[in-house]
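Notes follow once the structure below has been shown.
Following this line, the structure appears as structure tokens:
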């Protein structure tokens, strides 16, 4: 009777834990999607630490209750590995989408916001000529936002973050010799 009671309690606890685990991963997947998280220490820890903790807790529950059966373990493993794989897949996809590529820059203007950091890191825009920048980035956006006599402006897309109200713009200023002297990412 005591073993049956322990088995029922363990099943209830493991179902509650599984439910909380799936809620956690639905939040993680949403966060990765909306924040466009890339591969870094925070995303890897956020994905794998809860997975490892859940495995240890579940193993402890199974071990103490005697619920170790291949069927039960297989179902739980599938349910707990799937969100981890989806999360990691999204992070890898975001990483690939964040790399600057001329064709993507020209073709997906609303996705430039994810590429701009890689662009600025890999290409030394400062001290480049205006013609070289236009060769690298294509024709500037046709806009009056932030437009001045001595600059060019590129639309990057909706601002990064959970609340995406404004747009982001890459603004590059030039001196009298058409050499880039300043770069800013601005929001309207």
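Numbering (my numbering), first residue to last: 411 to 598. From the three backbone atoms N, C-alpha and C, an ideal C-beta is built for every residue, glycine too.
* Asked: From what residue to what residue does the beta strand (DSSP E) around residue 542 run?
  -> Segment 540–547 is the alpha helix (DSSP H) holding residue 542; no beta strand (DSSP E) there.
* Going by the beta-carbon positions, is the gap between residue 464 and residue 490 smaller than 8 Å? -> Yes.
* To do: Given a cut-off of 8 Å, decide if residue 501 and residue 439 are closer than it, judged by their beta-carbon atoms.
  => No; because the gap between Cβ atoms is not below 8 Å, this pair is not in contact.
* To the nearest angstrom, report how far apart residue 411 and residue 504 are at their CA atoms. => With a pLDDT of only 48 at residue 411, under the threshold of 50, the placement of this residue in the model should not be trusted, and no figure is reported.
* Reduced DSSP secondary structure (H/G/I, E/B, other) of residue 423 -> DSSP, reduced to helix, strand and coil, places residue 423 within a helical segment of the structure shown.
* Asked: Helix, strand or coil for residue 589 per DSSP?
  -> Here DSSP, grouped into helix, strand and coil, assigns residue 589 to strand.
* **For residue 481, the three-state DSSP class (helix, strand or coil)** => Residue state, collapsed to three classes: helix.
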